[in-house]
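What follows is a single structure, written as structure tokens, with notes after it.
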Amino acid sequence: MIERLALSIATSIKKVDAEQTPSIEVMKFSLITILHTLATVLIVFILSWVTGKPLVTMYGMGYFMLLRFFSGGYHIQSSSLCTVLSVLLMLAAPFIPLGDHWVLIANIVNVVMMLVFSPSNIKGFAQIPEKYFPILKLVSVAIVCANFWLQDPTLAILTIFQSILLLFKQEGGESA
């Protein structure tokens, strides 16, 4: 559904100004990313109200998106499947019980994961020069370290999800 909408929008844009716009495929790819993100945020927002945890779900999603931006990670090829999995993970995280002791352990493990594996699947996918990868790693570690102060179980769970996504190598990209 998102792919068809992106193709329709890209085709319409190309018809308006064929010479000054990128190819339909380039626009479609960018639009899929934008539409996927918007759909995911909207669905999570609505369903978080239904589950009774809108605040923790939304700040958790913001934290996850920020961490993912800097640390990279595996990308599912189907935007529909990605949307479904993203929604499920964001909605599940606030309901997974994690005591203070386990939050501390998760934070330590997550910092180690970021130090070892981030940024992952950036090269070949994002247009960030490799010389900035150490900065991406440092920012990723700093984001995770913030939870030592916050001690938030939802953030610890979401960081575990993100740390797992760092482990899988993507075809066409390579881990740093």
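Residues 311 to 486 (my numbering) make up the sequence shown, in order.
Beta carbons are placed, not taken as given, at the ideal position from N, Cα and C, and that holds for glycine.
A quick note: this is a predicted structure, and the numbers were derived from the prediction, not measured.
- Residue 374 has its alpha-carbon roughly 7 Å from the corresponding atom of residue 472.
- With fewer than 16 other CB atoms across the displayed protein chains lying within 10 angstroms of its CB, residue 452 is exposed.
- With respect to residue 370, residue 432 sits apart: the two C-beta atoms are not nearer than 9 Å.
- Residue burial is scored here from C-beta neighbours: residue 380 has at least 16 other C-beta atoms within 10 angstroms and is therefore classed as buried.
- Look at residue 447 here: in three-state DSSP terms it is helix.
- Residue 407 sits close to residue 463, with the two beta carbons spaced by under 9 Å.
- Taking each of 437, 424, 450, 468 in turn and checking the Cα distance to residue 477, the smallest one comes out for 424.
- Per DSSP, the beta-bridge partners of residue 382 are 430.
- In the assembly as shown, residue 404 is a buried residue. Its beta-carbon has 16 or more other beta-carbons within 10 Å.
- Residue 323 is a Cβ neighbour of residue 337, given a cutoff of 9 Å.
- Between the stretch 392-404 and the stretch 355-368 there are three or more C-beta pairs closer than 8 Å, enough to call the two in contact.
- For residue 363, no alpha helix (DSSP H) segment is defined, and its DSSP state is neither H nor E.
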